[in-house]
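Asker: Residue numbers (the numbering used here), protein chains in the order written: chain A, 1 to 208; chain B, 1001 to 1208. By construction, the Cβ of each residue, glycine as well, lies at the ideal position given by its N, Cα and C atoms.
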DNA sequence: GTCTATACATCGATAGAC
DNA sequence: GTCTATCGATGTATAGAC
C-alpha cells in the first residue's frame, strides 16, 4: 500500500503481482504438475491476465523453475532444517528423537510438502536442474549437519558418521514417501514412534 | 505366428498389437510423464494408428493405469524381490549384504527403474490408485519378507523386526532416490558400500 | 504494465471407409 | 480390426489497444 504516488499506479512491474503470480503458480503446479498446468489457470489463480504472466516471466518453463527454486530455498527449508541451534543440545538419544519427531511432524501433516516431493521427483527426469536446489538447499544441509553431529559425539563410536546420517534421514524420508506420498498408510501401517525408537536404538546401541 | 488361417489375418484384436501398444506406451509415459504424453506419439511408437490404440484401450487413463499396473506387477518385481529362496541362506551379515548389493545394483544401473520411480511418485497425487500396485506388489512383499527374516534370526536380538526392515529398505531406496533419481551423485557423493557397511554394522551390532 | 482478442499448434477422441 | 480424416476443445505465446 506504500505507493510512491497515484501516478505510479500500474506504471511499474509491481513486485506484488510477481508474488501473486508465484502464489497462483504454486497452487496450480503443486496440484496438477508441470505439463497439466496451463498458464491460463495460473493467471486466474493469481488474479491477473495471461499476458501479465508473460510480462513477468519469460515462458512457462521460466515461471516453473523460478517457483521451484524459491520453494526449495525458502519455504520448505524449515521442514528439515532446524535453524534453532539448541536443537542439538542434550543427550544424543534426546536430540535424535527431537530431530526425527520434528521432521516427521512437519512432513506428515503438510499436504503441500508432500505435493512438493511429488513434483520434484516427478519432474526430475525432464528438469534435472530443478532437483539440484532440492539436493543443495534441503538434503545436503541436513545430511551435513547430522554428519557433523554424529562425528562430534565420540561416545557413539560410529565408524562412519556420514553413512549413519544417510541411514537416519533415508529411513525417515522413505517413511513419509511410503505412508503419505504413496498412500501406503492403510496397506502397510506402522506407528511413527516404532521407527524412531528402532533408529535411535540402532544408532546409540542401547535398548529401552 | 501360429495363426488359425490366413482368413483370420487382421480379423481379431491381436494380442501382439496390444503388447506393441503397451510397449510404446511404456517408453512414452516413462520418458514424458502422463500429461505430456500424447496418444499420437504412443501410436507412432507402437507402429499403429491412433484409432487402433483406442480400439484396444478405452481412453488415455485406461491405457496408463493398465501399463503402470503391469509394470508394478511384472517387470520391476525382480528388482527388489529375490524370488530365489537360497538368497536367505547363510550368516545374516552375508545375507543382508547380498540383499542390499543386489537391490542397489539393479536399481542404480537401470534408467527404466528410475523413470518408473519418478512416474509413480509424480502421479501418485492425481492417480492414488496407481500407487497401490507399487505398495502392494513391490514394497509390501519386500518389507514383509525382510521383517520375517529379521524376526526369525533371534541372535540379532532385534526389538522391532518390522521397524528394522523399514530402516533397511528405506535407507537403500532413499540412497537411490538421492544419488540417481534426483541427480545428487556429484553434489553429495557417497560410496555404495559405505552405506551398506554401516547398515549391516548397525543391525548386526558388530564392527568390522 | 495490464488488459482483450487472437494466431497457431496440438490435444483426446470419434466417424466412416475398407 | 485397422486405417485416414476430422471435430471440438484447449494449449502456449503474442499483437495491439489503453
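1. What residues in its chain sit with their C-beta under 6 Å from that of residue 5/A, if we drop five residues either side in the sequence?
2. Please confirm whether residue 1103/B has its beta-carbon closer than 8 Å to some beta-carbon of chain A.
3. Could you check where the alpha helix (DSSP H) with residue 1120/B kicks off and where it finishes?
4. Quick one: Cα of residue 1119/B to Cα of residue 1089/B, how far?
5. Curious, which full-length alpha helix (DSSP H) runs of at least 4 residues does the stretch 1026-1059 of chain B contain?
6. Is the CB of residue 28/A under 8 Å away from at least one CB in chain B?
7. Determine the direct distance from the alpha carbon of residue 171/A to that of residue 1169/B, and round the result to whole angstroms.
8. Taking the CB atoms as reference points, tell me whether residue 1188/B and residue 72/A lie closer together than 8 Å.
9. Alpha carbon to alpha carbon, how far is residue 93/A from residue 116/A?
10. Would you list, in chain order, the members of the stretch 1124-1143 of chain B that have their beta-carbon closer than 8 Å to a beta-carbon of chain A?
11. With DSSP as the reference, label residue 149/A as helix, strand or coil.
12. By Cβ distance below 8 Å, which residues in the same chain neighbour residue 8/A in space, the five residues on each side in sequence not counted?
13. Quick one: list the residues of chain B neighbouring residue 35/A, beta-carbon separation under 7 Å, in chain order.
14. Note down the Cα distance separating residue 153/A from residue 1098/B, rounded to an integer number of angstroms.
15. Which whole-angstrom value is the C-beta distance of residue 1128/B and residue 183/A, which I expect to be below 8 Å?
16. Determine, using beta-carbon pairs with one atom in the stretch 71-85 of chain A and one in the stretch 33-47 of chain A, whether at least three such pairs fall under 8 Å.
17. Against chain B, with Cβ distances strictly below 8 Å, would residue 49/A count as a contact?
18. So is residue 1016/B in contact with chain A if we call contact Cβ pairs under 8 Å?
19. Since residue 1105/B is in the alpha helix (DSSP H), which residue starts that stretch and which ends it?
20. Within this structure, are the beta carbons of residue 192/A and residue 1160/B separated by less than 8 Å?
21. Could you give the first and the last residue of the continuous alpha helix (DSSP H) run that contains residue 1131/B?
22. Using a Cβ cut-off of 7 Å, pull out every chain A residue sitting near residue 1184/B, in sequence order please.
23. For a contact meaning CB atoms closer than 7 Å, what does residue 175/A contact in chain B?
24. Assuming residue 1164/B contacts residue 1150/B under a Cβ cut-off of 8 Å, what Cβ separation, rounded to an integer in Å, is found between them?
Answerer: Taking the coordinates as given:
1. Only weak support is given to the placement of residue 5/A: the predicted model assigns it a pLDDT of 39, under 50, and the question is left unresolved by the model.
2. Chain A, which has no Cβ nearer than 8 Å to the Cβ of residue 1103/B, makes this no.
3. Where residue 1120/B is concerned, the enclosing alpha helix (DSSP H) stretches over 1111-1123.
4. If you draw a straight line from the Cα of residue 1119/B to the Cα of residue 1089/B, it is about 35 Å long.
5. With a minimum length of 4 residues, the continuous alpha helix (DSSP H) runs that stay inside the stretch 1026-1059 of chain B are 1039-1046 and 1050-1056.
6. Between residue 28/A and chain B, the shortest Cβ-Cβ separation is not below 8 Å.
7. Straight across, the Cα-Cα distance linking residue 1169/B with residue 171/A is about 8 Å.
8. Not a contact, by the Cβ cut-off of 8 Å.
9. C-alpha separation (whole angstroms): 30 Å.
10. Listed in sequence order: 1124, 1125, 1126, 1128, 1131, 1132, 1134, 1135, 1136, 1139, 1140 and 1143.
11. Residue state, collapsed to three classes: helix.
12. For residue 8/A, the predicted structure reports a pLDDT of 45, less than 50, and the residue's modelled location is therefore unreliable. The matter cannot be settled from this model.
13. In chain order: 1033, 1035 and 1036.
14. The C-alpha of residue 1098/B is placed about 31 Å away from the C-alpha of residue 153/A.
15. Taking 8 Å as the upper bound for CB-CB distance, residue 1128/B and residue 183/A are in contact here, some 5 Å apart.
16. Touching, no.
17. It does not; no Cβ of chain B falls within 8 Å.
18. Output row for residue 1016/B: interface = no.
19. For residue 1105/B, the enclosing alpha helix (DSSP H) has its first and last residue at 1092-1108.
20. In this structure, residue 192/A keeps its C-beta atom at 8 Å or more from the C-beta atom of residue 1160/B.
21. Segment 1128-1134, the alpha helix (DSSP H) holding residue 1131/B.
22. For residue 1184/B, the residues of chain A that pass the 7 Å Cβ criterion are 135 and 139, in the order they occur in the chain.
23. 1166 and 1170, listed in chain order.
24. Going by Cβ atoms, the distance from residue 1164/B to residue 1150/B rounds to 5 Å, so yes, they are a contact pair.
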